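Residue numbers (the numbering used here), protein chains in the order written: chain A, 1 to 393; chain B, 1001 to 1393. Right, one structure below, let's go through it.
Protein chains: 2
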Amino acid sequence: MESFPWKRFRPARSVRSVQQNGPGAGAAADAQPFRTERPAMENTVTIKDVAARAGVSVGTASRVLSGSTSTSAASREQVRAAAAELGYRPDARARALRSARSHAVALLVSDVRNPFFADIAHGAEQAALASSYVTLLANANEDTVQQDTYLEAFLTQRVDGIIIAPQGEGSGNLRDIEQARLPLVFVDRTVEGFDVPSVTADNAQGVDLALAHLASQGHTRIGFIGGPMAVSTGRARHDAFLRSVARHGLDDDPELIAAGDFRSASGGTAAARLLAARRPPTALLAADSLMAVGALGEVRRQGLRIGRDLALVAFDDIEWFGELDPPITVVAHSARELGETAMRLLLEVIEGRPAESVVLPMELVVRQSSACRQATGEQPSVLLTPGPRPGTA
Amino acid sequence: MESFPWKRFRPARSVRSVQQNGPGAGAAADAQPFRTERPAMENTVTIKDVAARAGVSVGTASRVLSGSTSTSAASREQVRAAAAELGYRPDARARALRSARSHAVALLVSDVRNPFFADIAHGAEQAALASSYVTLLANANEDTVQQDTYLEAFLTQRVDGIIIAPQGEGSGNLRDIEQARLPLVFVDRTVEGFDVPSVTADNAQGVDLALAHLASQGHTRIGFIGGPMAVSTGRARHDAFLRSVARHGLDDDPELIAAGDFRSASGGTAAARLLAARRPPTALLAADSLMAVGALGEVRRQGLRIGRDLALVAFDDIEWFGELDPPITVVAHSARELGETAMRLLLEVIEGRPAESVVLPMELVVRQSSACRQATGEQPSVLLTPGPRPGTA
DNA sequence: CGTTTCCATGGAAACGATTCCATGGAGGAT
DNA sequence: ATCCTCCATGGAATCGTTTCCATGGAAACG
Chain A
1 MESFPWKRFR PARSVRSVQQ NGPGAGAAAD AQPFRTERPA MENTVTIKDV
51 AARAGVSVGT ASRVLSGSTS TSAASREQVR AAAAELGYRP DARARALRSA
101 RSHAVALLVS DVRNPFFADI AHGAEQAALA SSYVTLLANA NEDTVQQDTY
151 LEAFLTQRVD GIIIAPQGEG SGNLRDIEQA RLPLVFVDRT VEGFDVPSVT
201 ADNAQGVDLA LAHLASQGHT RIGFIGGPMA VSTGRARHDA FLRSVARHGL
251 DDDPELIAAG DFRSASGGTA AARLLAARRP PTALLAADSL MAVGALGEVR
301 RQGLRIGRDL ALVAFDDIEW FGELDPPITV VAHSARELGE TAMRLLLEVI
351 EGRPAESVVL PMELVVRQSS ACRQATGEQP SVLLTPGPRP GTA
Chain B
1001 MESFPWKRFR PARSVRSVQQ NGPGAGAAAD AQPFRTERPA MENTVTIKDV
1051 AARAGVSVGT ASRVLSGSTS TSAASREQVR AAAAELGYRP DARARALRSA
1101 RSHAVALLVS DVRNPFFADI AHGAEQAALA SSYVTLLANA NEDTVQQDTY
1151 LEAFLTQRVD GIIIAPQGEG SGNLRDIEQA RLPLVFVDRT VEGFDVPSVT
1201 ADNAQGVDLA LAHLASQGHT RIGFIGGPMA VSTGRARHDA FLRSVARHGL
1251 DDDPELIAAG DFRSASGGTA AARLLAARRP PTALLAADSL MAVGALGEVR
1301 RQGLRIGRDL ALVAFDDIEW FGELDPPITV VAHSARELGE TAMRLLLEVI
1351 EGRPAESVVL PMELVVRQSS ACRQATGEQP SVLLTPGPRP GTA
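In C-alpha cells:
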C-alpha cells in the first residue's frame, strides 16, 4: 500500500443502495444489499502526498500545516494549495500519537435523556467546540459498571481530559484517572475524597430558597422527594432539607421524606407514598425535574390539583416547565452554564493553568404550582386569597 | 522518556486542589490554584514495558494481547500477568493508526436537548457499547455549519463510521464522506440523492393514523404544525398531511398549515397563528413533540382546554407525555429502537456486510388530548357523547 | 533417519504525523 | 571581505502499536 496513483482518483461507486425510505408499506424485508468491500475509508491523502505535490519535504509540509515554526511564504503557499487540491485531512490519531495531545475531551453524564444533563452536555460541547476540541459524550445510564466501562474507553482513547457527573463512590477507573493525573473535572456531582475541581450548584441555598418560599405561603408540612443517596446531589439535598426544615421550624416528620432515583416513575411512587402518610404534606419539594413530572402525574391521578390543593417546587428548570399545567415553580441553576463552566475549567487544567472549583448560586423561579397558600392543614392562616399570580420569569 | 523504573511507582500528588464545593456563599473568588505541570497523562505503560516484564518480544506481547495468531500457553500467561501487574492500557490511537480500525463511531444528531434525539442517542450508544464500540456523540444544534464542523472533526478523527440525522441538503463534508465511502447511515431523516442506508419512520402512515383517528372523532378542520422544510421529516410529514387530508375528505384550507422548527417556542407561535384563522381548526396535529408542548401552552394561555375544546395529536412519544395534563395522544415510533437499528446497520456496513434501509412502522397511542369529539364546528354531527375514554396505552 | 510442515517467536517495517538535528544560504555586523 | 547569526529546509527519529518476514525447533511423515 504505497503512494499509488489511485489515491488521486475516486473510483466510481460500483454498487448502489436500496429503498430511499419509500413511503410504502411498513417493514421492509427484501434484501437488495448495500455493499462496502473496503470497510474503512479508502482514498486517504497523507501529508507525504501533500509534500510531494508541493515539492517540499514532509517536515516542511508539517510545519506549514500545523503552523508552528517559521516557513517561507513560497512554501507556505505551495503546501496550502497542494493540501487544498488533494483534499488533505490530517489524521488526528497520528497527530495525537506523536504530540501527546488529542484535542478530544470526554464528557460522561449519568443520563442524556434527562433534560438537565442534556443541557449540561450541550453547554459543555459548545464550549469545547469554541476551543476546537471534540467532545466524546457518553452515558453512564445511572449505572456504575457502565460508567467504568466508558472511563476505560476514554483512558484507552487517550483523551486529553474528562468531565464527569459521577455515580456512587470512586470506582477503580476513577481512581486511576486521578492518580494518572489525567485532567478531570466533576460537574453537578462530586465524589468524596477526590481532589478534583468541580462545578456544582449550591444545593443548600437552593433547598433553603424553596422552603423559605413555601413557608412564607404558610406551609409547615412539606414532603421531600429526594434523590438516591449514592449520588452526591441526592445526599446534599437531603441533608440540606433536614437542616432547612429545622431552621424554618417546619414539621420534621420522617414520613415526609421519600427517595427516588431521578427518573420520572420514581417521582410518582414517592409522591404516592408521601400522600399516603397519616398526616399528608401540603407541599412537595422534588429534588429533580423528572421526578417532579412523575409526581405531577400521580397527584393528578389522585384527584388533587397541583397549585390549588397541593404546592409543588422542583429542582432544575427545563425549557418546557413553564408549559406544564400548572407551570412549575423551580429552584434552578442554568444547566448550560454548568456545562460551559465545567468545560472551561477542564480546558484550563489541560493547559496547565490553575483551576478552582465553582459553586453556582441557585435561583427561585416562582410559577403557579406553588401559588396555593396552605389551606387543607389545621392551622387556619390568612384568608385564602387567589395569591399573587407570579410572572413566568 | 524510556522504560524507566519510575513507571512502576506512582509519585505522591504534589499539589492539592481547593474547595470541595463547600455549601458556603455563592461565587467563589479566592484562587488556591489547582496545578497540573504535566498536562497529558503521565505514567504511561507501553506494550514494550509489558513485553520486557514478561520476557518476550513486543511482537509476541501484541499477539497475546490482541489475541490474534497462535501463541504458547506459557507466554500467554506471562504477558497477561505482566499487563495486569503494570496496569497496561493499550493506546487506541496507535492501535488504530496501524490497523486502520478505530473502534469508534460517531453519532451526529440535530439537538440532544430534544428528548426524541436523546432517546435515539441512548439507543445507538447502548447498541455500540454492546459491540464494544465507542460513540462520539455530537450535536449539530439544528445548524448546517456546525454539522459540517463536526463532520470535519469526525473525518480527521478517522472514526469507523457515522450515523447522522442530517440537516438541510448534503453539505460538502457529507458528500466527501459518501465519496470516500466511509460507512454512513441516516437516522430519522434523509437527504435527497444520497445513496446511503437509512432508518426512518413511516411518516405517511403516521400522519394517516393521526388523521383517521381525528376524522373518526368528527373533526374536519385539522390544523397542522409542521416542521422545517429543510429537513426531510418536515417535508415528508407536510406532504403526507396534504395527501391524507384529501384522502379523508377533510378541509384543505391553507390557513390550517403552519410551520415551526421542532422547538417548543415555535409550536406556540404556530398554534397561535392557526387559532387566529378565520375558521379556526378543532384539532391540531404537531409534527414533533416539543412543538406540541409549545402548542399546549399557547392553547391554554388562550383559555382553551386541550382534550375538551380542542384536540391535539403529536408526533414522537416522550416518557413524560402521559404525565401532562391532559396526557397527549401521539403517533410514535420507539426512538430508542430507531437508534439501535441505525447502529446495527452501521456496524454491518463497517464489517462489510450488506445493509438495507429500514422503515419503522408508526403506532397510534390514544390518550386524553384527543378525547373530545368535534363540537365547535358548524356541522352538527352525532350527539355529543363523553367519548370512550381511551386507556393510556 | 531425513525431509517436510507447522508453530511460536524475535526483529523490523509500517501506519501518519511531529519534532529534533544538521546544513546551506542569506543577511547583518565588523 | 569575513565572520556570525538566524532562518528555512530536508532527512531521520519518534510516538505505540500491529503485522510481515525469517528462523529455529518440534512434530509428522515418508
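For every residue, glycine included, the Cβ atom is placed at its ideal position computed from N, Cα and C. Please read all numbers here as calculations on a predicted model, not as lab measurements.
Buried versus exposed call for residue i [16 or more other C-beta atoms within 10 Å across all chains shown]
i, result
"SER1357 of chain B", "buried"
"SER72 of chain A", "exposed"
"ASP1119 of chain B", "buried"
"THR1341 of chain B", "buried"
"GLY1307 of chain B", "buried"
"THR69 of chain A", "exposed"
"ASN1074 of chain B", "It should be pointed out that residue 1074 of chain B corresponds to Ala in this sequence rather than to Asn. Its Cβ having fewer than 16 others within 10 Å, ALA1074 of chain B is exposed."
"GLU1077 of chain B", "exposed"
"PRO1183 of chain B", "buried"
"GLU1125 of chain B", "buried"
"ARG1189 of chain B", "buried"
"GLY87 of chain A", "exposed"
Beta carbon proximity, residue i to chain B, threshold 7 Å
i, result
"LEU136 of chain A", "yes"
"ASN139 of chain A", "yes"
"ASN21 of chain A", "Any reading at ASN21 of chain A must be qualified, since the residue scores a pLDDT of 34, below 50, and its modelled position is unreliable; no value is offered."
"GLN157 of chain A", "yes"
"HIS122 of chain A", "yes"
"ASP309 of chain A", "no"
Whole-number beta carbon distance between residue j and residue i, since they are thought to touch under 8 Å
i, j, result
"SER264 of chain A", "MET291 of chain A", "6 Å"
"ALA210 of chain A", "VAL313 of chain A", "5 Å"
"VAL1064 of chain B", "VAL1079 of chain B", "4 Å"
"GLY234 of chain A", "ALA287 of chain A", "7 Å"
"ILE1350 of chain B", "LEU1285 of chain B", "No, ILE1350 of chain B and LEU1285 of chain B are not in contact; Cβ-Cβ is about 38 Å, not under 8 Å."
"VAL185 of chain A", "VAL196 of chain A", "7 Å"
"LEU136 of chain A", "VAL159 of chain A", "6 Å"
"GLY1172 of chain B", "ASP1148 of chain B", "7 Å"
"VAL1050 of chain B", "LEU1346 of chain B", "The pair is not a contact, with the Cβ atoms about 33 Å apart (cut-off 8 Å)."
"GLY1260 of chain B", "GLY1297 of chain B", "Not a contact, Cβ separation roughly 13 Å."
"ALA1140 of chain B", "SER1110 of chain B", "5 Å"
"ASP1317 of chain B", "ALA1332 of chain B", "4 Å"
Among the options, nearest to residue i - alpha-carbon criterion
i, options, result
"SER102 of chain A", "B:ASP1091, B:THR1149, B:ARG1367", "B:ASP1091"
"ILE1164 of chain B", "B:TYR1150, B:ARG1247, B:LEU1108, B:VAL1245", "B:LEU1108"
"GLU1348 of chain B", "B:SER1198, B:LEU1174, B:ASP1188", "B:SER1198"
"ASP1251 of chain B", "B:ALA1215, B:ASN1139, B:ALA1276", "B:ALA1215"
"GLU1319 of chain B", "B:CYS1372, B:VAL1330, B:PHE1154, B:PRO1280", "B:VAL1330"
"GLU192 of chain A", "A:LEU182, A:VAL231, A:ILE177", "A:VAL231"
"MET1229 of chain B", "B:ALA1180, B:GLY1168, B:GLY1218, B:THR1269", "B:GLY1168"
"ARG1367 of chain B", "B:ARG1336, B:ASP1325, B:VAL1359", "B:ASP1325"
"ALA1276 of chain B", "B:LEU1304, B:GLU1337, B:GLY1227, B:LYS1048", "B:LEU1304"
"ALA283 of chain A", "A:ARG301, A:VAL293, A:LEU310", "A:LEU310"
"ALA1355 of chain B", "B:SER1289, B:ARG1373, B:ARG1344", "B:ARG1344"
Bounding residues of the alpha helix (DSSP H) (the contiguous stretch that carries residue i)
i, result
"THR144 of chain A", "144–157"
"THR169 of chain A", "Per the sequence shown, the amino acid found at residue 169 of chain A is Glu instead of Thr. Per DSSP, GLU169 of chain A belongs to no alpha helix (DSSP H) and is neither H nor E."
"VAL1079 of chain B", "1073–1086"
"PHE241 of chain A", "232–247"
"THR341 of chain A", "335–350"
"ILE47 of chain A", "47–54"
"VAL1064 of chain B", "1058–1065"
Minimum Cβ-Cβ distance from residue i to chain A less than 7 Å
i, result
"GLY1238 of chain B", "Looking at the sequence provided, one finds His at residue 1238 of chain B rather than Gly. Chain A, which has no Cβ nearer than 7 Å to the Cβ of HIS1238 of chain B, makes this no."
"SER1264 of chain B", "yes"
"THR1341 of chain B", "no"
"ARG1243 of chain B", "no"
"PRO1090 of chain B", "yes"
"ALA1094 of chain B", "yes"
"LEU1174 of chain B", "no"
Heavy atom of the ligand ZN within 6 Å of residue i beta-carbon
i, result
"LEU65 of chain A", "The ligand ZN is not part of this structure, which contains no ligands at all."
Beta strand (DSSP E) segment containing residue i, residue limits
i, result
"ASN114 of chain A", "Segment: none, ASN114 of chain A is in no beta strand (DSSP E) and carries neither H nor E."
"GLY1206 of chain B", "Taken as a continuous stretch (DSSP letters only), GLY1206 of chain B belongs to no beta strand (DSSP E), being part of the alpha helix (DSSP H) at 1203–1216."
"ALA287 of chain A", "Run containing ALA287 of chain A: none; DSSP gives neither H nor E here."
"PHE224 of chain A", "222–226"
"VAL313 of chain A", "311–315"
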